[in-house]
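Peer 1: One structure, pasted below without further comment.
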Amino acid sequence: MATTTLEPRAGTYQRSWVLDWLTTVDHKKIGILYIVNSFLFFFAAGILALLIRSELAIPGIQFLDQNTYNQAFTMHGTIMLFLFIIPALSGFGNYIVPLQLGAPDMAFPRINALSFWLLPLGGLLIFSGYLFGGAAAEGWTGYAPLTNRSEGVGTDLWIIGLALVGTASILGAVNFIATIFKMRAPGMTLFRMPIFVWTMLVTAVLILLATPVLAAGLIALFIDRNYGGSFFDPSVGGNPVLWQHIFWFFGHPEVYIVILPAMGVVSEILPVFSRKPLFGYRAFVFATIAIGLLSFSVWAHHMFTTGSVLLPFFSFMTALIAIPTGIKMFNWLATLWRGKLILATPMLFALGFLSMFLIGGISGVMLASPPIDFHVQDTYFVVAHLHYVFFGGSVFGVFAAMYYWFPKMTGRKLNEPLGKIHFWMHFIGFNLAFFPMHQLGLDGMPRRISDYSPDAGWTLLNMVSTVGAFMIAASIIPFLINVIATFINGEPAGDNPWEGNTLEWATTSPPPPYNFDRLPPIHSERPLFFLTHGHGHAAVRPEDLEETAEDDVERRDGAV
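With the numbering used here applied, the sequence shown has no gaps in its numbers, which climb one by one up to 1082 at the end.
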């Protein structure tokens, strides 16, 4: 019987780049998608912020009526927290964590893609309320019974959208935990992992424990609104304070969900641009774990004025959580001390983080005292504190990460003069916008109001705050010019432009699909330091490497 031999040929089908990005399961492309999606929502939230500040610049109703104003600040807070800060830092985590571990990808690539695509879907649902009579207008905390009794579908869409965003966060957290525990390269023990990986691990655990509580509360609220439930409505036997317990049991760990990754970014940048190892590596790790554990014991300091919580306990625990944060602050300062400081743009944003987060932390300790909290509850003092933590901390961390890892992602360095213009406009505008709010709060200006009396004495500080908000918006212009110009004709960066010491700098920029051609030996949390200083070549005996690594750890931690 005659037979025919078939010669296999390589396929010639090429997917378009659009389809390739839309269907990718590569952690690096997914990380970039996270970042791009987050910045799109950031711009939307920024426009809402400018509308809010324009309305408050002078007394009287200018162009936003009360309901429209309520929708604006509700959507602004929701977008900034749930659709910008958390996803942006998760995007950097998606890109960088496998590289720093020496892993080829995340543990579950398809779940990784799913967790991303739930985000824009959830965001569009939250925004779609504007198409159906108005968006949610009860504040980003969604306090009952306001949410029980509001009309229209905007709040229902807000609930469903947040449930999707929360699902995305839970899936992402599972993926990070599995990747960090099961995908580390040989030699990458837990106490050789970079600090950024540690902060992402603790963040993932917080998300996994706290977000289901919020999801349960959202489901109960949806039942109250649509199916005759009585969880939170006091007119039918519900308890509105129960919503506050549910929300803040999630909400205060969420503060650390948004700040810990930014702390990790800063902990990567300061040693590189100080030309020193991070001071007290293990103390830093244990402080990160302590913050994660204590974050579940402080939620009710948001509820001092309800009369339903034990004031001494929650006041003490809120003050206690400042101790591991203080350890980190001292470690950062000790890292800088007598270092050979290089004030490149990533370093400037990292230093901006230190100074602004310090102010937010000090005001947080003040709010831990019930008498002070009673005085400034629901005033602009709380708004100032919140923004110094979330914006002065997390957003400065996002931009520090952008300037630091942009060369790794694209192979090109962002322009330094434009970066410094961006930083100084951002830094000055931020303080103009939010520092006056401390005094406004002490003077008694309530938050979430769209108008105030011309006789209240708040006009000047509100005008200064509005000027600062527009300066922040203007600072984004040189940033966008920088990103676009660098993509078109940017300076080639090389594989390790900052002379970093962690594994992401051991591969090409950008990395190949499989991340590494080969890995250097890993004997400490700074494997490239060994490689570049002659401790990582084959001629060195293993016992010598181990001894050198131990000496390096002893020098680093000797003062702890």
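All residues carry an ideal CB built from backbone N, CA and C; glycine is no exception.
Looking at the strands, I want to know which residues DSSP matches up with K850.
Peer 2: According to DSSP, which records beta bridges pairwise, K850 is partnered with nothing at all.
Peer 1: Tell me which residue opens and which closes the alpha helix (DSSP H) that Q766 is part of.
Peer 2: 762–796
Peer 1: Using 10 angstroms around the beta-carbon of D542, count the other beta-carbons present and answer buried if the total reaches 16, otherwise exposed.
Peer 2: exposed
Peer 1: To the nearest angstrom, how far is it from the Cα of I574 to the Cα of M602?
Peer 2: About 14 Å.
Peer 1: Any beta carbon of chain C sitting closer than 9 Å to that of P1019?
Peer 2: Included in the structure is just one protein chain, with no chain C present.
Peer 1: Measure the alpha-carbon distance for Y591 versus T689 and round it to whole angstroms.
Peer 2: 29 Å
Peer 1: Is the beta carbon of A579 less than 9 Å from the beta carbon of N984?
Peer 2: The answer is yes: Cβ separation under 9 Å.
Peer 1: What whole-angstrom Cβ distance do R797 and G861 have, given they're in contact under 8 Å?
Peer 2: 6 Å
Peer 1: Look at the alpha carbon of D895 and the alpha carbon of T733, and state the distance between them as a whole number of angstroms.
Peer 2: 26 Å
Peer 1: So, helix, strand or coil for G1026, using DSSP?
Peer 2: The sequence given here places Glu at residue 1026; Gly does not occur at that position. Of the three classes helix, strand and coil, the one that applies to E1026 here is helix, per DSSP.
Peer 1: Short check: CB of A784 to CB of A922, under 9 Å?
Peer 2: yes
Peer 1: Who are T901's beta bridge partners in DSSP?
Peer 2: P968
Peer 1: Please report the distance separating the alpha-carbon of F1052 from that of W720.
Peer 2: 21 Å
Peer 1: Can you tell me whether D548 is buried or exposed? The criterion is at least 16 other CB atoms within 10 Å of its CB, across all chains shown.
Peer 2: buried
Peer 1: Take L889 as the anchor and find which of A635, T840, D746, A659 has the nearest alpha-carbon.
Peer 2: T840
Peer 1: My guess is that P846 and E790 are in contact by the Cβ rule of under 8 Å, so how many angstroms apart are they, rounded?
Peer 2: Not a contact, Cβ separation roughly 19 Å.
Peer 1: CA-CA distance, A1007 and T1029?
Peer 2: 25 Å
Peer 1: Measure how close the beta-carbons of G941 and A1015 come, nearest whole angstrom, since I'm counting them as under 8 Å.
Peer 2: The Cβ separation is near 13 Å, so there is no contact.
Peer 1: If you follow the alpha helix (DSSP H) that N841 is part of, which residue opens it and which one closes it?
Peer 2: As written in the sequence, residue 841 is Ala, which differs from the Asn given in the question. Counting along the chain, the alpha helix (DSSP H) containing A841 begins and ends at 833–842.
Peer 1: Does the distance from the CB of S837 to the CB of S891 come in under 9 Å?
Peer 2: Yes; because the gap between Cβ atoms is below 9 Å, this pair is in contact.
Peer 1: Are there 16 or more other CB atoms within 10 angstroms of the CB of Q593, so buried, or fewer, so exposed?
Peer 2: By the beta-carbon neighbour count (other beta carbons within 10 angstroms, threshold 16), Q593 is buried.
Peer 1: Just checking, does the segment 869–879 make contact with the segment 906–924 on the three C-beta pairs under 8 Å criterion?
Peer 2: yes
Peer 1: Quick check: the Cα distance between A726 and T981, rounded to an integer number of angstroms?
Peer 2: 43 Å
Peer 1: When the Cα atoms are used, what is the spatial distance from V540 to I745?
Peer 2: 40 Å
Peer 1: May I ask you to report which of helix, strand or coil DSSP gives P642?
Peer 2: helix
Peer 1: Could you spell out where the alpha helix (DSSP H) holding F564 opens and where it closes?
Peer 2: 549–578
Peer 1: Rounded to a whole number of angstroms, what is the C-alpha to C-alpha distance between P626 and F638?
Peer 2: 19 Å
Peer 1: G786: which of Q622, A566, A991 sits nearest, CA to CA?
Peer 2: Q622
Peer 1: Below 6 Å CB to CB, which residues in the same chain sit around G644 once its five sequence neighbours on both sides are set aside?
Peer 2: G683, L686, V687
Peer 1: Could you tell me if P620 is buried or exposed, where buried requires 16 or more neighbouring beta carbons within 10 angstroms of its beta carbon?
Peer 2: Label assigned to P620: buried.
Peer 1: Compute the beta-carbon to beta-carbon distance between G915 and G963, rounded to the nearest angstrom, for a pair I have assumed lies under 8 Å.
Peer 2: Not quite, the Cβ-Cβ distance comes to about 19 Å (not below 8 Å), so this is no contact.
Peer 1: What did DSSP end up calling E1021 once you bin it into helix, strand or coil?
Peer 2: Coil at E1021, not helix or strand.
Peer 1: Using the rule of at least 16 other Cβ atoms within 10 Å of the residue's Cβ for burial, across every protein chain shown, is F564 buried or exposed?
Peer 2: buried
Peer 1: Whole alpha helix (DSSP H) runs in the segment 632–681 with 4 or more residues, listed along the chain?
Peer 2: 668–671
Peer 1: Starting from the Cα of L782, find the closest Cα among V831, N748, M722, S576 and give me that residue.
Peer 2: M722
Peer 1: Is the distance from the Cβ of I1083 to the Cβ of G568 below 9 Å?
Peer 2: In the structure as shown, the chain begins at 523 and stops at 1082. Residue 1083 is therefore absent and cannot be evaluated.
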